[in-house]
Amino acid sequence: MSKYKIGRLIRKYFLFSFRSTIISLFLPVMIFFIAITGFLSYRVAVTQLEENAFKNIEDTVFQTKGYLENRLSDVFEQLVAFSNDPRTLSIINSEQFEADPEDYIEMNSFLKTIHLNYNSIIESIYVDMNHGAFTLYQSQYPTKIKEFPYKEYEDLYKGNDEGFYWHNVHKDDIFKSESKVVSVFKLVGNQASDASGVLLFNLRNDFFEKVLNKSLIGEHGYIALVSPDGTLNSKDMADEYLLSEENLRYLKDLQEDSGRYEFQSDDGRKMMVIYETIGINKWKVAAVFSTDAITEKADYIKYITLIVILVLVGIAILIANFFARYISSPVSTLVEQSKSINENNLTMNYNHNGPREIKILNNAMEDLLTRVNHLLDQIKLEQEEKRQLEFAILHSQINPHFLYNTLYSIKGLCDMGLNGEASSMITALSNFFRISISKGKEIISLEEEITHIRNYLVIQEMRYGDDFSYQIEMDEKILNWEIVKLTLQPLIENAIYHGVKLKREKGIIAVKGYEKGETIVLEVMDNGGGISKERLAEIRAELEKTSEHSSTIGIGLKSVHERIRMHFGSPYGLVLESEEGKGTKNTVIIPKTRGGV
Numbered sequence: 001m002s003k004y005k006i007g008r009l010i011r012k013y014f015l016f017s018f019r020s021t022i023i024s025l026f027l028p029v030m031i032f033f034i035a036i037t038g039f040l041s042y043r044v045a046v047t048q049l050e051e052n053a054f055k056n057i058e059d060t061v062f063q064t065k066g067y068l069e070n071r072l073s074d075v076f077e078q079l080v081a082f083s084n085d086p087r088t089l090s091i092i093n094s095e096q097f098e099a100d101p102e103d104y105i106e107m108n109s110f111l112k113t114i115h116l117n118y119n120s121i122i123e124s125i126y127v128d129m130n131h132g133a134f135t136l137y138q139s140q141y142p143t144k145i146k147e148f149p150y151k152e153y154e155d156l157y158k159g160n161d162e163g164f165y166w167h168n169v170h171k172d173d174i175f176k177s178e179s180k181v182v183s184v185f186k187l188v189g190n191q192a193s194d195a196s197g198v199l200l201f202n203l204r205n206d207f208f209e210k211v212l213n214k215s216l217i218g219e220h221g222y223i224a225l226v227s228p229d230g231t232l233n234s235k236d237m238a239d240e241y242l243l244s245e246e247n248l249r250y251l252k253d254l255q256e257d258s259g260r261y262e263f264q265s266d267d268g269r270k271m272m273v274i275y276e277t278i279g280i281n282k283w284k285v286a287a288v289f290s291t292d293a294i295t296e297k298a299d300y301i302k303y304i305t306l307i308v309i310l311v312l313v314g315i316a317i318l319i320a321n322f323f324a325r326y327i328s329s330p331v332s333t334l335v336e337q338s339k340s341i342n343e344n345n346l347t348m349n350y351n352h353n354g355p356r357e358i359k360i361l362n363n364a365m366e367d368l369l370t371r372v373n374h375l376l377d378q379i380k381l382e383q384e385e386k387r388q389l390e391f392a393i394l395h396s397q398i399n400p401h402f403l404y405n406t407l408y409s410i411k412g413l414c415d416m417g418l419n420g421e422a423s424s425m426i427t428a429l430s431n432f433f434r435i436s437i438s439k440g441k442e443i444i445s446l447e448e449e450i451t452h453i454r455n456y457l458v459i460q461e462m463r464y465g466d467d468f469s470y471q472i473e474m475d476e477k478i479l480n481w482e483i484v485k486l487t488l489q490p491l492i493e494n495a496i497y498h499g500v501k502l503k504r505e506k507g508i509i510a511v512k513g514y515e516k517g518e519t520i521v522l523e524v525m526d527n528g529g530g531i532s533k534e535r536l537a538e539i540r541a542e543l544e545k546t547s548e549h550s551s552t553i554g555i556g557l558k559s560v561h562e563r564i565r566m567h568f569g570s571p572y573g574l575v576l577e578s579e580e581g582k583g584t585k586n587t588v589i590i591p592k593t594r595g596g597v
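Heads up, the sequence shown stops at 597 in the UniProt record's numbering, and the numbers go up one at a time, no gaps.
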């Protein structure tokens, strides 16, 4: 055998020995690592499971509190509005009040409207003023009292300067009803210490039960609505799961608006309370549940983790020797390269010298990093465009010049003694901003949008007198379809300030809406000075650009077009037609949609 062949055999032997040594050392380390990883994974999974469960319950309590607060605030606002109504105040403040039929009709209509609008939550309404001199109610049941027990209510409820009180679930003590109710009421009178009237709303018990029962807290968990005068539970529970008197007092005395705490039940069970506070009446929405129900699931994870560890150890023993030579070195290199990837470095400089799979993985990571870089650039651009559109929306929603000018016009009407016109203008202005804000909703119904522009046109017509008139023709079949908020108002604003105001004779603004196949077509037309062909071509070109806003056209038109396309897609948007000297027509094309896009 030649020296050359002997050398090759020696080298192969040493390489084999070295590889065998590495594998023999690698297997125990791998098994130990898998065991430790499995144990740590089990502990992390159990901890995460508990934390996720608590977080889910916190979210449930928070959402339940938020929904109840919104609905109770709506009802409370109606009670405040009724108590501050001039007719109500005149009855309260008059010691020798004699009601005429018109008072009964008007106030009964007011109560009926409230009862119908909030029928899902308000079961009945009872009004008694001047010790029974004026009594009204809205209920499907007759009253069971001849005289309201003012002395009893004064003894139970006092200390609130405003006179508003809340009463947790109780049997209806006003009407001949077998159901339970939650009450909100106001005691009124000529003297703070002598109540002579009450304005009372009875809220449906089943409304609260439905809201609380939607919150699934497990078999041994429930939601409680806790107030100083009682507790409403979402469902019937065994005594060992209910809050004791001591725990109820502790919960009521907590000053924090939200939080969690643990306690031990009478039978030694570990219990948890997660609570939120309703701002309108300071009642607490509390989730009460046993922590054992959550930790029981950890046993399943333990068994699964043990099985996975055993399987992984067996697989590791089988494939460690096979993959050691082909994967270890190139993977290590690839891992080192991967460690260098961070928010400041999204590139790889790896020269592949390993198996084909590593090369594929390397290429895939390079492609992924390239796409990530591209997406980051795209996100930056979209965020900038979104920021500009949000600015445009804000600009359209609350135009300070429009507000100042309108308020100045209202002042002028008041100075001239035209209080009726001033009142109409204030009503139109409040409705205009109510729909402009619309609780942050971006999508509203066409009917709301038309109401919004009617208020806007009423204000502008009262401001400018006979400078222009307007016409609105809307197909009633399209009013329930949805539209991006503040679509038509910027177009009408342009028609006024850049169209009819520039004419010497009286201007006309026409708004028309109809359906065309599966689309809705809205047209805003004016007989103003129109736009030249060159200028019209510039505006149309600018509308089709998706880059940053340009000074070529106003922010209103750009905002309308971009927001329509952002919500409904590129086939829809704004189309401008104009002829110099003959006026301009703005056409909005949107799809038929309901319930969100």
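We put the beta carbon where it would ideally sit given N, CA and C, even for glycine. The structure presented is a predicted model; accordingly, all values stated were derived computationally and were not measured.
A direct Cα-Cα distance of roughly 60 Å separates residue 460 from residue 366. Scanning the segment 463-536 for uninterrupted alpha helix (DSSP H) segments of 4 residues or longer gives 488-497, listed from N- to C-terminal end. In the three-state reduction of the DSSP assignment, residue 163 falls in the coil class.
Taking residue 122 as reference, the option from 79, 145 and 418 with the minimal CA-CA separation is 79. Rounded to whole angstroms, residue 587 and residue 72 show a C-alpha spacing of 42 Å. In this structure, the alpha-carbon of residue 125 lies about 16 Å from that of residue 147. Taking a C-beta distance under 8 Å as the contact criterion, residue 572 and residue 563 do not qualify as a contact pair. Pairing residue 406 with residue 429 gives a Cβ-Cβ distance under 8 Å.
Nearest to residue 149 by alpha-carbon distance, out of 374, 187, 403 and 115, is 187. Cβ-Cβ separation between residue 280 and residue 76: approximately 6 Å, consistent with a contact (criterion under 8 Å). Distance check between residue 236 and each of 230, 247, 224 and 246 places 224 closest, using alpha-carbon atoms only. Between residue 183 and residue 203, the gap from beta carbon to beta carbon is short of 8 Å. Between residue 488 and residue 447, the CB-CB gap reaches or exceeds 8 Å.
Three or more Cβ pairs closer than 8 Å define a contact, and the segment 463-471 meets that threshold against the segment 491-509.
In this chain, the alpha helix (DSSP H) harbouring residue 107 covers 101-117. Counting only runs of 4 or more residues that sit fully inside the segment 166-240, the alpha helix (DSSP H) segments are 205-213, in chain order. Residue 453 sits in a helix when the DSSP states are folded into three classes.
In this structure, residue 112 sits away from residue 140, with a CB-CB distance that is not shorter than 8 Å. As computed with DSSP, residue 573 is found in a beta bridge with 589. For residue 154, there is no enclosing beta strand (DSSP E); the residue is part of the alpha helix (DSSP H) that begins and ends at 150-156.
The three-state reading of DSSP puts residue 303 in helix, counting H, G and I together.
Apart from the 5 residues on each side of it in sequence, residue 457 sits with its Cβ closer than 6 Å to the Cβ of 470 in its chain, given in chain order. With at least 16 other beta carbons inside 10 angstroms of its own, residue 583 counts as buried. Closest option to residue 206, judged by alpha-carbon separation, among 110, 119, 315 and 85: 119.
Look at residue 411 here: in three-state DSSP terms it is helix. Taken atom to atom, the span from the alpha-carbon of residue 157 to that of residue 198 is near 12 Å. Here the alpha carbon of residue 514 sits roughly 51 Å from the alpha carbon of residue 53. Assignment of residue 260 by DSSP, reduced to helix, strand and coil, places it in the strand class. Taken through DSSP and simplified to helix, strand or coil, residue 314 comes out as helix. A buried status is given to residue 496, since no fewer than 16 other beta-carbon atoms sit within 10 Å of its beta-carbon.
It is roughly 18 Å from the alpha-carbon of residue 312 to the alpha-carbon of residue 43. Residue 263 and residue 243 have their C-alpha atoms some 10 Å from each other. In this structure residue 416 is exposed. Its beta-carbon is surrounded by fewer than 16 other beta-carbon atoms within 10 angstroms. Within 10 angstroms of the beta-carbon of residue 128 lie 16 or more other beta-carbons, which makes it buried.
DSSP places residue 126 in the strand class (E or B) of the three-state scheme.
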